[in-house]
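Which chain is which? The protein sequence lines are X and U, in order.
Residue numbers 0 to 504, in numbering that gives the first Met the number 0, belong to the letters of the first sequence in order.
Residue numbers 0 to 504, in numbering that gives the first Met the number 0, belong to the letters of the second sequence in order.
2 protein chains.
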Amino acid sequence: MSGGGEHGIRLEAVRLGIDTRHEPVLFLRRDSEVARSEGFQAMSQVRVDTDTASIIATLMIVESELLRAGRAGLSEAAWRRLGLEDGETLVLHHPRPVDSLAHVRAKVYGAELDAGQFERIINDVVAGRYMDVQLAAFVAACSGERLTREEIVHLTRAMVGAGERLTWAGSPIMDKHSVGGLPGNRTTPIVVAIAAEAGLTMPKTSSRAITSPAGTADTMETLTRVDLGLDEMRRVVEREGGCLAWGGSASLSPADDILIRVERALDLDSEGQLVASVLSKKVAAGSTHVVIDMPVGPTAKVRSLAAAERLSGHFHAVAGTLGLALHIDVGDGSQPIGRGIGPALEARDVLSVLRCEPDAPADLRQRALQLAAGILRLSGLARAEDAVARATEMLDSGGAWSRFQRICEAQGGLREPPRAAYHYDVFSEREGTVDGIDNRKAARLAKLAGAPADKAAGLGLCVRLGDRVRRGDVLMTVHAESPGELEYALEYFRAHPDVITLSAD
Amino acid sequence: MSGGGEHGIRLEAVRLGIDTRHEPVLFLRRDSEVARSEGFQAMSQVRVDTDTASIIATLMIVESELLRAGRAGLSEAAWRRLGLEDGETLVLHHPRPVDSLAHVRAKVYGAELDAGQFERIINDVVAGRYMDVQLAAFVAACSGERLTREEIVHLTRAMVGAGERLTWAGSPIMDKHSVGGLPGNRTTPIVVAIAAEAGLTMPKTSSRAITSPAGTADTMETLTRVDLGLDEMRRVVEREGGCLAWGGSASLSPADDILIRVERALDLDSEGQLVASVLSKKVAAGSTHVVIDMPVGPTAKVRSLAAAERLSGHFHAVAGTLGLALHIDVGDGSQPIGRGIGPALEARDVLSVLRCEPDAPADLRQRALQLAAGILRLSGLARAEDAVARATEMLDSGGAWSRFQRICEAQGGLREPPRAAYHYDVFSEREGTVDGIDNRKAARLAKLAGAPADKAAGLGLCVRLGDRVRRGDVLMTVHAESPGELEYALEYFRAHPDVITLSAD
Chain X
0 MSGGGEHGIR
10 LEAVRLGIDT
20 RHEPVLFLRR
30 DSEVARSEGF
40 QAMSQVRVDT
50 DTASIIATLM
60 IVESELLRAG
70 RAGLSEAAWR
80 RLGLEDGETL
90 VLHHPRPVDS
100 LAHVRAKVYG
110 AELDAGQFER
120 IINDVVAGRY
130 MDVQLAAFVA
140 ACSGERLTRE
150 EIVHLTRAMV
160 GAGERLTWAG
170 SPIMDKHSVG
180 GLPGNRTTPI
190 VVAIAAEAGL
200 TMPKTSSRAI
210 TSPAGTADTM
220 ETLTRVDLGL
230 DEMRRVVERE
240 GGCLAWGGSA
250 SLSPADDILI
260 RVERALDLDS
270 EGQLVASVLS
280 KKVAAGSTHV
290 VIDMPVGPTA
300 KVRSLAAAER
310 LSGHFHAVAG
320 TLGLALHIDV
330 GDGSQPIGRG
340 IGPALEARDV
350 LSVLRCEPDA
360 PADLRQRALQ
370 LAAGILRLSG
380 LARAEDAVAR
390 ATEMLDSGGA
400 WSRFQRICEA
410 QGGLREPPRA
420 AYHYDVFSER
430 EGTVDGIDNR
440 KAARLAKLAG
450 APADKAAGLG
460 LCVRLGDRVR
470 RGDVLMTVHA
480 ESPGELEYAL
490 EYFRAHPDVI
500 TLSAD
Chain U
0 MSGGGEHGIR
10 LEAVRLGIDT
20 RHEPVLFLRR
30 DSEVARSEGF
40 QAMSQVRVDT
50 DTASIIATLM
60 IVESELLRAG
70 RAGLSEAAWR
80 RLGLEDGETL
90 VLHHPRPVDS
100 LAHVRAKVYG
110 AELDAGQFER
120 IINDVVAGRY
130 MDVQLAAFVA
140 ACSGERLTRE
150 EIVHLTRAMV
160 GAGERLTWAG
170 SPIMDKHSVG
180 GLPGNRTTPI
190 VVAIAAEAGL
200 TMPKTSSRAI
210 TSPAGTADTM
220 ETLTRVDLGL
230 DEMRRVVERE
240 GGCLAWGGSA
250 SLSPADDILI
260 RVERALDLDS
270 EGQLVASVLS
280 KKVAAGSTHV
290 VIDMPVGPTA
300 KVRSLAAAER
310 LSGHFHAVAG
320 TLGLALHIDV
330 GDGSQPIGRG
340 IGPALEARDV
350 LSVLRCEPDA
360 PADLRQRALQ
370 LAAGILRLSG
380 LARAEDAVAR
390 ATEMLDSGGA
400 WSRFQRICEA
410 QGGLREPPRA
420 AYHYDVFSER
430 EGTVDGIDNR
440 KAARLAKLAG
450 APADKAAGLG
460 LCVRLGDRVR
470 RGDVLMTVHA
480 ESPGELEYAL
490 EYFRAHPDVI
500 TLSAD
């Protein structure tokens, strides 16, 4: 065939510098021979091969002079996944049919899938063979109460099997996870410090924020280095018993990262997938004992105690099958925790609790102690009746603070979190009692002010539910790194002033 | 706020000449103020406003010099839908939350939706407020047997209501539709000619091929003009009783066009959505009487008589509620119909039947007469026992042929379909009886040869099931407009020689 070997036609790869997040996109000229002869249509799936790698990309057809003849442009995600260098040669094909889509269709039609079927689906998902619409159909078909417990177990196992898996010397390996974090609920650094100080092993990997104003990795990054390689993590954990690293460099349950992105776009609360998502990450990270933080409140992810109970039942059943020891702590999710919302502001709260400062946020301290007690109890180090006391002792003695400093030193040195240059105080316009703090709107306001990309940006809350305020009291402070972003957040606030509400009295 | 009025920041629109089919895509520089201050992330949804129009687009972030500062690039679909000119000003915002997604989630969780909920979903779909993943979740949630008959009725009504609706003087207004066409099943031009000649009104709008080697509009385009405006259609229909136009210029049930694209990507057979899709188009086109052609065969869309019966039940129930008179003709779908597969090749078959040529394909003639008889009967013009005879008389008298010529003249003149320059004959390698012709593989081969974009390209079948062939007989001919494309199709054929199979004897 003219110009092509086998089926494919060879084209020179060009990096276009277009960020499409996780979506590999291929750009071809309308008049390119391969587009015509293969009958590729815009937005169809195309297999892109190099000598060493192969991906499925979505095709966009260029009708202008953005691309020279004989070249194929690639988005950043496609470029990364193929590990390309400029000028390398690509060969394009129609993708092979994805056989596991038959199982997705069966699930859509209401069938119960077995372990092998979940495995084939998840392997194809991780190999990038699914289009977003196909991922969405799978997510929708597994949502609501559509997965049996057996299916949740199969799905979890398939997700673990499709990625890397860490192993650690000894046991127990402790871990924690928060389901649908409240803004400011930054207990993890405190819990790890207490657990490590108690002599436990807690190699904690955390994510960056995806839709929230801060993730644990964003917060820790204002205090120390978090992008540790696996060897560095091992070194830190061997020396200090714990670490606080960003989990993104290891490929743990990569299917979860792919599915979670689609679930977020759909805003679907799938209990089965939530359980598989959390537990697959934990098993892949090599954890043996896990404490789950489950805040319940009207603007939190889990909205009622009944929902918390059902979800807990799934967690326990699946964890049991996978051999994970599990403790679930159902807590109050009616308002943000701590004062700061945003990476550096939350880091200050964490430092303040660890340093046992007199004005440290009591709710953050209390929640962290509660979860740390869960860790001590689950590990067997403490009994139920004195676990909180043990955790408190570890914190109040300064042991947790010194352990935290040593962990940060081992990760590359402890630093002070940055401060924002621009502030705006929101004053109370009348006297009253605080009767509502909206988790979602508070998070939104912090993000509009620049969090998490601007590390110092965010919100500082000065009141909590039930507080009595007078006219002119400061309710909260907006922090931003530029006057434009401050104004932008305030514009939102003026349109949505009900972030904090007072009772009518 | 610096640089922006209200929320938005103003940017100059640039047409990038990137074809993304239906998907509006917005390209912004990473360092643009709006991307930073609005916190837009790649692949998030952005509302793009001009003074007169507003769309939701998917954002891609440009990190290279493809875009100059202060500019926003747009894909062709976005450009078209905003009706832009170069240099016009755009204002960008976060999109408003799409409230109807709550109904989609309810459907995913298994709820039954009411008329108002379907209406809100479909209106948002048509307004472009749904991302593809959200469309996919809706499609998946409605697939299998998940829609009740009441829901199918609600969905159909919502789809009709969300687009334009044609009205015609008098009644009945006849229409036909084929469910999952076999390759070559090009009966529509013949049926319209017979119906119009019988004095009926049949203002037929047809689609172009989406995944098949030819749609009726593609075939008719090789014979006459098909992109008629509504006024032109009316003029042709008033004069000749019928027309054969492309339906794309009128906005009839636009939700259907959007949903069908996602259904195809998922390869989900949703009976409820098929019924809503077909009947919403018919009601919107102003039709009162509809004949449905439902071929049944192992490689056709409807694969068994049981499936045909269930589907027919839905069709009759929903059509009844909508006040449509309906006749369903379940026919043989075991092999392609006629000889040609591809726009011009099928047009030749149509002309040959209309002209009553002695070697006209008997199966196409017979199928067209059967469906035309259904039209005559449903309209009340003929009784069941003599409807086929009436249709045959209309065809054999030359009346249908002369009516067809006049319709084409009214649409802009009848022309001869083009012929391909390159041919390849596939010979039988042995003696035997034809025992299989694969609809899907035959369609694939015709598409690889260039159909439907290359009008003269496609396949000419020389045998039918049960034919006795000798070694050296021609089984079929591949037609192409370039030697490269011919070779490309043949490469596929060499890898998949079982398009036509002979019994082992």
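Glycine is no exception: its CB is placed at the ideal position from the N, C-alpha and C atoms.
All values derive from a computational prediction rather than experimental measurement.
May I have the straight-line CA-CA distance separating residue 256 of chain X from residue 114 of chain X, to the nearest angstrom?
-> If you take the alpha carbons of residue 256 of chain X and residue 114 of chain X, they lie about 20 Å apart.
Take residue 163 of chain U and list the residues in its own chain whose beta-carbon comes closer than 8 Å to its own, dropping the five residues that flank it on each side.
-> 249, 250, 251, 283
Let me know the secondary structure DSSP gives residue 287 of chain X once reduced to three states.
-> coil
Validate contact between the region 296 to 309 of chain U and the region 374 to 381 of chain U using beta carbons, cut 8 Å, 3 pairs = no
Please determine, among X:338, X:413, X:63, the residue with the shortest C-alpha to C-alpha distance to residue 474 of chain X.
-> X:338
Can you round the beta-carbon distance between residue 241 of chain X and residue 202 of chain X to whole angstroms, since I take them to be within the 8 Å contact cut?
-> 7 Å
Which residues, in order along the region 55 to 68 of chain U, keep a beta-carbon less than 7 Å from a beta-carbon of chain X?
-> Answer set for the region 55 to 68 of chain U: 59, 60, 61, 62, 63, 65.
Taking Cβ positions only, does residue 172 of chain U come closer than 9 Å to chain X?
-> no
Distance between residue 191 of chain X and residue 204 of chain X (C-alpha atoms, nearest Å) = 11 Å
Starting from the beta carbon of residue 293 of chain X, find every residue of chain U whose beta carbon is closer than 7 Å, and list them in chain order.
-> Under the 7 Å cutoff, chain U gives no residues; its nearest Cβ is about 21 Å from residue 293 of chain X.
What in chain U is Cβ-close to residue 22 of chain X, meaning under 8 Å?
-> 42
Does the separation of the CB atoms of residue 342 of chain X and residue 457 of chain X fall below 9 Å?
-> Taking 9 Å as the Cβ cut-off, residue 342 of chain X and residue 457 of chain X qualify as a contacting pair.
So which of U:501, U:58, U:41 has the shortest CA-CA distance to residue 434 of chain U?
-> U:501
With DSSP as the reference, label residue 223 of chain X as helix, strand or coil.
-> Three-state result, residue 223 of chain X: coil.
When the Cβ atoms of the region 92 to 105 of chain X are set against those of the region 115 to 134 of chain X, are three or more pairs found closer than 8 Å?
-> yes
Starting from residue 66 of chain U, trace the beta strand (DSSP E) both ways and give me its first and last residue.
-> Premise fails: residue 66 of chain U is in no beta strand (DSSP E) and is neither H nor E.
Indicate whether at least one CB of chain X lies closer than 9 Å to the CB of residue 387 of chain U.
-> no
Residue closest to residue 410 of chain X, alpha-carbon to alpha-carbon, out of X:239, X:313, X:292, X:83 | X:239
Rounded C-beta distance between residue 352 of chain U and residue 262 of chain U? I'm assuming under 8 Å.
-> At roughly 32 Å, the Cβ-Cβ gap does not stay under 8 Å, so residue 352 of chain U and residue 262 of chain U are not in contact.
Out of curiosity, what's the CA-to-CA distance linking residue 82 of chain X and residue 21 of chain X?
-> 14 Å
Let me know the secondary structure DSSP gives residue 242 of chain X once reduced to three states.
-> Of the three classes helix, strand and coil, the one that applies to residue 242 of chain X here is strand, per DSSP.
What are the boundary residues of the beta strand (DSSP E) that residue 326 of chain U is part of?
-> Element bounds for residue 326 of chain U: 324 to 331.
Alpha carbon of residue 427 of chain U to alpha carbon of residue 109 of chain U, nearest angstrom | Cα to Cα, residue 427 of chain U sits roughly 54 Å from residue 109 of chain U.
Does any CB atom of chain X fall closer than 9 Å to the CB of residue 17 of chain U?
-> yes
Can you give me the Cβ contacts of residue 135 of chain U inside the same chain, cut-off strictly under 7 Å, excluding the 5 residues immediately before and after it?
-> 261, 265
Nearest-angstrom Cα distance between residue 106 of chain U and residue 141 of chain U?
-> 8 Å
For residue 478 of chain X, does the count of other Cβ atoms within 10 angstroms reach 16, so buried, or fall short, so exposed?
-> buried
Verify the CB distance criterion: does residue 140 of chain X have a CB-CB separation below 9 Å to chain U?
-> yes
Span of the beta strand (DSSP E) around residue 436 of chain U = 431 to 436
Whole-angstrom distance between residue 189 of chain U and residue 348 of chain U, CA atom to CA atom = Roughly 10 Å separates the two Cα atoms.
Any heavy atom of the ligand FMN closer than 8 Å to the Cβ of residue 346 of chain X?
-> Within the structure as shown, the ligand FMN is missing, as the structure has no ligands at all.
Can you tell me the Cα-Cα spacing of residue 15 of chain X and residue 90 of chain X, whole angstroms?
-> 18 Å
What is the residue span of the beta strand (DSSP E) that residue 356 of chain U lies within?
-> Taken as a continuous stretch (DSSP letters only), residue 356 of chain U belongs to no beta strand (DSSP E), as it is neither H nor E.
Whose CA, out of X:454, X:471, X:453, X:444, lies closest to the CA of residue 493 of chain X?
-> Nearest C-alpha to residue 493 of chain X: X:444.
Would you give the residue range spanned by the alpha helix (DSSP H) that residue 202 of chain X belongs to?
-> Unbroken run through residue 202 of chain X is the beta strand (DSSP E), 201 to 205; no alpha helix (DSSP H).
Sort X:53, X:78, X:385 by Cα distance to residue 13 of chain X and report the nearest one.
-> X:78
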